[in-house]
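Take the sequence shown: its position 68, counted from the start at 1, is 68 in the UniProt record's numbering, and no numbers get skipped.
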Amino acid sequence: MSTEKQDRNEILELHRIWWESNHKLVIPDMQSVFPAGMSYLMFNLNGHPYFGIDEKTKLWEHYKKEIDIVMYPDIEIMRLAISGDMAWLACEGIFPIRRIGADGTGSATWELSDGDYDNFRLRATEVYQRDDGAGNPIWKMWHFHASPMAPNDEERPGVGGTQDGRGVGYGPGITPERVTRSGTRS
């Protein structure tokens, strides 16, 4: 039986691999994070859902011709909650991306400027389950949902405050955490 610390470390490692695989769109690394077959569901920043790892792979094969992610995304973990064989993680960050093909992201909801890199600001929710899609008790990410963040100088309706004021990943009682190749920074 695994401990909460072991579960946390395994989930954070999947989170790290996922975000680092986005740099240069490393398909084998990306595939290692998700369950087999049709188990996975993604709500992509482009506004469209992707069902299963095969569709996700086809999306990345397409994007390798359309977008460039030259730097590692700067992602700050806001929360990680684990309960039994399920877990969820909320994060936000900066995703440096530029169009290299005619289609770019291929979406009106996720447009890129021409030329230089856009530091696209996003937030995401990751849902993990201790099941590899074949019934083995191995942590995998079963759902990912990303959406754009509001402009960093825009006041939050009803409560005020801006992201400029709080910082990426910060919130009431939240000190963000980042997972990198060199380890976890808290």
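Backbone N, C-alpha and C define an ideal beta-carbon position, used for all residues, glycine too.
Does the Cβ of residue i have 16 or more other Cβ atoms within 10 Å, making it buried, or fewer, making it exposed?
i, result
"residue 177", "buried"
"residue 105", "buried"
"residue 35", "buried"
"residue 167", "exposed"
"residue 146", "buried"
"residue 51", "exposed"
"residue 186", "Note that residue 186 has pLDDT 49, beneath the 50 cutoff, so the model's placement of it is unreliable and the number below is only indicative. The residue is exposed, with fewer than 16 neighbouring Cβ atoms inside 10 Å."
"residue 136", "exposed"
"residue 161", "exposed"
Any heavy atom of the ligand MG closer than 8 Å to the beta-carbon of residue i?
i, result
"residue 134", "The ligand MG is absent from the structure shown, which contains no ligands of any kind."
If we cut at 9 Å on Cβ distances, does residue i have a partner in chain C?
i, result
"residue 120", "Looking at the structure shown, chain C is missing, and only one protein chain is on hand."
Which residue from the options puts its Cα closest to that of residue i?
i, options, result
"residue 76", "45, 126, 64 and 32", "126"
"residue 151", "22, 49, 119 and 40", "119"
"residue 25", "86, 136 and 61", "61"
"residue 6", "51, 39, 84 and 73", "84"
"residue 156", "133, 143, 171 and 132", "171"
"residue 148", "37, 112 and 86", "112"
"residue 94", "81, 108 and 117", "117"
"residue 18", "131, 82, 81 and 142", "142"
Have a look at the DSSP bridge pairing and note the partners of residue i.
i, result
"residue 147", "123"
"residue 76", "92"
"residue 141", "128"
"residue 42", "50 and 144"
Contained alpha helix (DSSP H) runs [length at least 4] in the stretch 44-70, N- to C-terminal order: 52-63
Three-pair Cβ contact test at 8 Å for the stretch 50-57 versus the stretch 19-32: yes
Whole beta strand (DSSP E) elements within the stretch 80-106, 3-residue minimum: 86-99
At least three beta-carbon pairs within less than 8 Å, the stretch 86-102 to the stretch 111-126: Flag = yes, the stretch 86-102 and the stretch 111-126 touch.
Stretch pair the stretch 101-115 + the stretch 63-75: three plus CB contacts closer than 8 Å: yes
Whole runs of the alpha helix (DSSP H) within the UniProt region "Disordered" (150-186), excluding any shorter than 4 residues: 163-166
Every unbroken alpha helix (DSSP H) inside the stretch 4-30 [4 residues or more]: 4-22
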